[in-house]
Amino acid sequence: MPTASVTPFGTRSCWPERSSAPPPGSQRPSPSTSITRTRNRLSIPLFDAVDRIAGMRWTDAEIPGLLLDLNTAMNEEMDALDALPVPVLCGSPS
Numbered sequence: 003m004p005t006a007s008v009t010p011f012g013t014r015s016c017w018p019e020r021s022s023a024p025p026p027g028s029q030r031p032s033p034s035t036s037i038t039r040t041r042n043r044l045s046i047p048l049f050d051a052v053d054r055i056a057g058m059r060w061t062d063a064e065i066p067g068l069l070l071d072l073n074t075a076m077n078e079e080m081d082a083l084d085a086l087p088v089p090v091l092c093g094s095p096s
């Protein structure tokens, strides 16, 4: 049964309650490990490109490739966000 709670934005969300215990016999990585891997997979290429561009550590010949790397990293982030489940808000039409 979903429980409603007030969010910082004043809306009420109906996220189902979650158990913190993994299912018996589960070999899944811990949520923090999974989150860390996802964060690193998405963030490191982005930060590497931004760091080189903002640090002015590029030549005229390198900048097009760096901008393409930045674009690719940003698109991968958007794809990951698009894959997340959409929250169900209390009172929203079904």
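For the sequence shown, counting from 1, position 74 maps to 76 in my numbering; every step adds exactly one. We put the CB at the ideal spot given by N, CA and C, even for glycine.
Leucine 44 places its beta carbon 8 Å or farther from that of isoleucine 55.
Contact check for proline 47 and alanine 85: beta-carbon distance about 18 Å, past the 8 Å limit, so the pair fails to qualify. Here leucine 91 carries a strand assignment [DSSP, helix/strand/coil]. The beta-carbon separation of alanine 51 and leucine 72, rounded to 4 Å, stays under the 8 Å limit for a contact. In the structure shown, leucine 86 adopts coil according to DSSP, grouped into three states.
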